[in-house]
Structure formats: C-alpha cells, structure tokens
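Here's the structure we're looking at; comments come further down.
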Amino acid sequence: MTVLSGAVPIPAEGVAPAQMTIPQQYVHRNADDDVLLSHFTADADGTYRIAVRWPHAHALFAPTADGRENPMLMAETVRQCGAVVSHLAYDAPLGQHFLLWNLRYEVPDAIHTAGLPLAPTEAVVRCPEVRLRGGKLSEFQLEVELRRESLLIGTGACRATCVSAAAYRRLRPPRPRPAAPAPLPAPLPPAQVGRDRAEDVLIAPSGRPGAWLLRVDQDHPVIFDSQSDHVPGRALIEAMRQTAAAATGRPHAVAPALDAEFHRYVELDEPCTLTAEPGPAPSPGRASVRVTLRQSAGPAATGLVTLGAPGPDPLP
Numbered sequence: 036m037t038v039l040s041g042a043v044p045i046p047a048e049g050v051a052p053a054q055m056t057i058p059q060q061y062v063h064r065n066a067d068d069d070v071l072l073s074h075f076t077a078d079a080d081g082t083y084r085i086a087v088r089w090p091h092a093h094a095l096f097a098p099t100a101d102g103r104e105n106p107m108l109m110a111e112t113v114r115q116c117g118a119v120v121s122h123l124a125y126d127a128p129l130g131q132h133f134l135l136w137n138l139r140y141e142v143p144d145a146i147h148t149a150g151l152p153l154a155p156t157e158a159v160v161r162c163p164e165v166r167l168r169g170g171k172l173s174e175f176q177l178e179v180e181l182r183r184e185s186l187l188i189g190t191g192a193c194r195a196t197c198v199s200a201a202a203y204r205r206l207r208p209p210r211p212r213p214a215a216p217a218p219l220p221a222p223l224p225p226a227q228v229g230r231d232r233a234e235d236v237l238i239a240p241s242g243r244p245g246a247w248l249l250r251v252d253q254d255h256p257v258i259f260d261s262q263s264d265h266v267p268g269r270a271l272i273e274a275m276r277q278t279a280a281a282a283t284g285r286p287h288a289v290a291p292a293l294d295a296e297f298h299r300y301v302e303l304d305e306p307c308t309l310t311a312e313p314g315p316a317p318s319p320g321r322a323s324v325r326v327t328l329r330q331s332a333g334p335a336a337t338g339l340v341t342l343g344a345p346g347p348d349p350l351p
C-alpha cells in the first residue's frame, strides 16, 4: 500500500482539468436540488476549490426556525466534496462504493450567534492523507473549509474507504428479502423533533426512557435518492439530531456542530435503537448530546450532536 501526504493527486488518464463543471453523477445524487456543488478547480499545491450552491429549501434539511439555512447541509456538502475529489482528483471510477467512517462539521460560535447566512459559496478542500492500493485510490481523509466569499462559516472533515463493485459484493452479499417489509413504528409527533411532516420523522417511541427506535421509510424520495442495501448516512445523522432534540426537549434547536462515527452498516431489516446521554459541556449557550445507534451486532454508529438556538439568543 502507498500512502500519500499533502494531497498529491494521482497522475492518471482522464483526471479533471484545472477547472471544470462537476457532472451530477460525481456527487452520487439523482435529484437536481440535492446536488450542492457546481464547479471544481485544482490548485497547483494540491488544494481543491469547489463552488457550492445550496438550494433555498432542501427537502430533508429544511431552513431553521429563524429562516436561515440548515447547518446540517454542511455534512452533505462535505460528503459530496469527498465524492467529487475522489473522482476528479484521484480518478476513482464511477461505480466504486464509498464506505464512510466518520463525518463532522462545525459552525463557529461567532457566525452562528451573529445570525449571518450559513450558505457557503466555496469549499476549500485538502486531503492530508491518501492511501493507494495497486495504484488505485483505497482510502482518503478530507478536510474542508466552507467559505462565503472570504468569510469562514464552517469547517468539516470525513474519512472514507473506496472499494470496487466486486469487492463490495463480497463484503456485503445479498441478504434474503422478507416477503413483506415490517411495518414502520408510529413516529414521534413532528413538533417534538422540529419537523413539519410525519414522513420526515425518523425516530419512534421505544417504550423505554432515553431510547427511541429508528424508522426509515424506504420509499422516502430524499433519504433513498438512489438504491441502497442499508440505511444511508444522511438518515443516520438526521436521526441523531432528532434524538438529541427529543432527549433535551428542544425541538427547534439547530445543530451547529456534529461529529459522527460509523462503525458498521445499519441494516434495513433489523430493529435499530437510539440512546442519548449528555455530552461534554460545549461553549455557553449550547448543549451537547451523545447519541448511539445499536443493532443486534452492537453499536453501529455514534454521534456527538451540539445543539444551539436557531437565532442569536442562547438555548434556555
């Protein structure tokens, strides 16, 4: 295995020119308004600059109670940056599977409390470590600065492994499909988790204090934007946020920071329980909640969700 440091791109046929429009399939999304990136530029020093275009109202990560953009769009932006850089800078072919191991983002306190717009115009991307196997991209770490003109409005990072379709089939052989899908448990009331529609509520009562059940509708048009044999990461982080909101009784709180670790796939045909416990004390005016998702094999994902008021005032 070869390890590259300092974001040195692979010299290969077909890699992106210095500047280009990003093909939609390179962000692994089908819906036009779910594509958050538009143009890609490769600098000589191994830095990548990607133009960002957030929709006015995203179908899953809707604007917050103060009318500002939902900071959880930063998580999706970081993930899409990883996909784009892997394809355009490191020549990962379409059809590769990306195993996401962690994903985080944070909005600086000063930006959040000032009530400034959160939609970035540019992502500045660096890859501090890249691993190659047989000359092909195997694993990468990504660090992202999200800027609105010259103003830093957020940071993020992720780590992912790239595997071929054949390797993925060996890793995840087809599971027997049930004759009929299990009925979804009844959701929490949408108002308890800051949602307007019941179909966007991803957690349900479990009958135990401090615990909830994951509920994911496989016909949801945004969560399952493309076919998947497991619960997508965007559903997991939104379920983490909803769990934190329900656990603290702060339905309209936003998540200016989130740090998620993914240990194994969350299977579609097994119950998944979410538990919440207080996290470390964050900065004044914020609260943090550690959320764990468990299935029969043990913990599948964990996330530290930081909650803040939707406006400039601190949480009560």
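One rule links them: number in my numbering = place in the sequence shown (from 1) + 35. Glycine residues also receive a C-beta, built at the ideal position from the N, C-alpha and C atoms.
For a cut-off of 8 angstroms, the C-beta gap from THR148 to ARG182 is around 19 angstroms, too long to register as a contact. Rounded to the nearest angstrom, the gap between the Cα atoms of ALA94 and ASP235 is 9 angstroms. DSSP places ILE272 within a helical segment (H, G or I) once states are collapsed to three.
DSSP, read as helix, strand or coil, puts PRO334 in strand. The stretch 135-152 makes contact with the stretch 100-114; the number of CB pairs closer than 8 angstroms reaches 3 or more.
When the alpha-carbon of PRO225 is set against those of LEU123, ILE238, VAL289, the nearest one is in ILE238.
Per DSSP, GLN115 is one residue of the alpha helix (DSSP H) stretching across 108-123. Selection THR76, LEU177, ASP101 evaluated against VAL165 yields LEU177 as nearest (Cα-Cα).
Beta bridge pairing from DSSP links TRP247 with PRO240, LEU309. In this structure, ALA311 places its C-beta atom within 9 angstroms of the C-beta atom of ALA282. Rounded to the nearest angstrom, the Cβ distance from GLY191 to VAL179 is 4 angstroms, consistent with a contact under 8 angstroms.
Unbroken alpha helix (DSSP H) stretches of 4 residues or longer found wholly inside the stretch 146-173: none.
Between HIS298 and ALA336, the C-beta spacing is below 9 angstroms. Per the Cβ contact rule, the stretch 250-265 is in contact with the stretch 80-97 (3 or more Cβ pairs under 8 angstroms).
Counting along the chain, ALA233 sits inside no beta strand (DSSP E), nor does DSSP assign it H or E at all.
For LEU134, there is no enclosing alpha helix (DSSP H); the residue is found in the beta strand (DSSP E) stretching over 132-141.
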